[in-house]
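J.: The following block contains the structure, expressed as structure tokens.
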Amino acid sequence: MNETLRTIANRYSCRSFTGAPVENEKIEAIALAAVQSPSGMNVQPWQIVVIKDKTLIDDMDATTMDMLSKMDDKSLYERIAGRGGKIYYNTPCMFMIAKKEGTDLDCGIVAENIALAASSLGLGNVICGLARLTFDSEKGQEYAAKIIPEGYEFGMTVLVGYATNPEGTPHEPDMSKIKYIG
Ligand SMILES: Cc1cc2nc3c(=O)[nH]c(=O)nc-3n(C[C@H](O)[C@H](O)[C@H](O)COP(=O)(O)O)c2cc1C
């Protein structure tokens, strides 16, 4: 197995970060990998916003959890409570992929590039779609004005940091999902 295949095989979703900051050179290497992603007709319909302000991330986390706690349906709140009570798992660094409308596939590829780049550098990471909820909260517009560039919309986030348990387990690949013809 080569280095690339090893990184793919060992990646897992990290749901507990120490909170220690990530070195700028690693963040910049990941950001570069993000904008090296392929896109339809090379339109690159994204902006990558790297949030390293942990106070802001923690504030967004608290606002979102507060919103979830007040919902009639508590299932999501309870699920996150069961994972430590933080929707952003104490991450010190959030990669926000802001995208142009209708470019979900391109955005997903960027998310995976970020996740694999982070894994290759020994950093925990998790693609976090629930971050969308933060922008539905009472402070959602305030956050969006700060984070999402004009003309773009929420695409996806990837949380990156040092894992509390760096020995996380990748999911078992389901070989029945593969079919060969010929
Ligand atoms: C589009 C997408 C959105 C996701 N959103 C979340 C999320 O909001 N919170 C979370 O903890 N994990 C999230 N995940 C991670 C998945 O739960 C995870 O990839 C899946 O359970 C497989 O586990 P693995 O990544 O460890 O292989 C998301 C993954 C994808 C691809």
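When the letters of the sequence shown are read in order and numbered with the working numbering, they come out as residues 45 to 226. Just so it is clear, CB atoms sit at the ideal spot from N, CA and C, and this is done for glycine as well.
Near S57, which residues of its chain fall below 6 angstroms by C-beta distance, leaving aside the five closest residues on each side in sequence?
T.: In the sequence shown, counting from the first residue as 1, residue 57 sits at position 13. Contacts found: V170.
J.: Taking K202 and A142 to be in contact with their CB atoms under 8 angstroms, please state how far apart those CB atoms are, rounded to whole angstroms.
T.: Taking the first residue of the sequence shown as 1, we reach residue 202 at position 158. Taking the first residue of the sequence shown as 1, we reach residue 142 at position 98. The residue asked about is misnamed: residue 202 is Val in this sequence, not Lys. The pair is not a contact, with the Cβ atoms about 13 angstroms apart (cut-off 8 angstroms).
J.: Quick check: the Cα distance between D110 and N46, rounded to an integer number of angstroms?
T.: Your numbering for residue 110 matches position 66 in the sequence shown. Your numbering for residue 46 matches position 2 in the sequence shown. Distance between the alpha carbons of D110 and N46 is about 45 angstroms.
J.: For the beta strand (DSSP E) containing A142, list its first residue and its last residue.
T.: By one-based count along the sequence shown, residue 142 stands at place 98. Residues C137 to K143.
J.: So V66 and G205 are supposed to be a Cβ contact under 8 angstroms. How far apart are they, rounded?
T.: As a first step, residue 66 must be located in the sequence shown, where it is residue number 22. As a first step, residue 205 must be located in the sequence shown, where it is residue number 161. Confirmed, Cβ separation roughly 6 angstroms.
J.: Closest to M104 by C-alpha separation, out of K190, K221 and A207, would be which residue?
T.: Residue 104 sits at position 60 when you count from the first residue of the sequence shown. Nearest of K190, K221 and A207 to M104, Cα basis: K190.
J.: L177 and T108: beta carbons closer than 9 angstroms?
T.: Counting from one through the sequence shown, the residue named residue 177 turns up at place 133. Counting from one through the sequence shown, the residue named residue 108 turns up at place 64. Going by C-beta atoms, L177 is nearer than 9 angstroms to T108.
J.: Taking the alpha-carbon positions, what's the I131 to I92 distance?
T.: Within the sequence shown, residue 131 is the residue found at index 87, counting from 1. Within the sequence shown, residue 92 is the residue found at index 48, counting from 1. The alpha-carbon atoms of I131 and I92 are separated by roughly 20 angstroms.
J.: Taking only three categories from DSSP, how would you classify S164?
T.: Residue mapping note: residue 164 aligns to position 120 of the sequence shown, counting from 1. Three-state result, S164: helix.
J.: Could you spell out the range, first to last residue, of the alpha helix (DSSP H) harbouring E122?
T.: As a position in the sequence shown, residue 122 is number 78, starting the count at 1. Start and end: S119 to A125.
J.: Compute the Euclidean distance between the alpha carbons of M138 and G226, then round it to the nearest angstrom.
T.: As a position in the sequence shown, residue 138 is number 94, starting the count at 1. As a position in the sequence shown, residue 226 is number 182, starting the count at 1. C-alpha separation (whole angstroms): 43 angstroms.
J.: Tell me the residue span of the alpha helix (DSSP H) that contains L203.
T.: Reading the sequence shown from its first residue, position 159 is the one you call residue 203. Taken as a continuous stretch (DSSP letters only), L203 belongs to no alpha helix (DSSP H), being part of the beta strand (DSSP E) at E197 to G205.
J.: Listed by chain order, which residues have C-beta atoms less than 6 angstroms from any heavy atom of ligand 1?
T.: In chain order, the hits are Y56, S57, R59, V170, I171, C172, G173, L174, P214 and H215.
J.: What does a CB cutoff of less than 8 angstroms around G166 pick up in its chain, not counting 5 residues either side in sequence?
T.: Position 122 of the sequence shown, counting from 1, holds the residue named residue 166. Here the set comprises P210.
J.: Which residues mark the beginning and the end of the beta strand (DSSP E) in which I92 is found?
T.: The residue given as residue 92 occupies position 48 in the sequence shown. Taken as a continuous stretch (DSSP letters only), the beta strand (DSSP E) holding I92 covers W90 to I95.
J.: Within the continuous alpha helix (DSSP H) that includes L76, where are the two ends?
T.: Within the sequence shown, the letter at position 32 stands for residue 76. Start and end: N68 to V79.
J.: Using only alpha-carbon positions, find the residue among G146, K98 and D150 that is nearest to T230.
T.: Not covered by the structure: residue 230. The range shown for the chain is 45 to 226.
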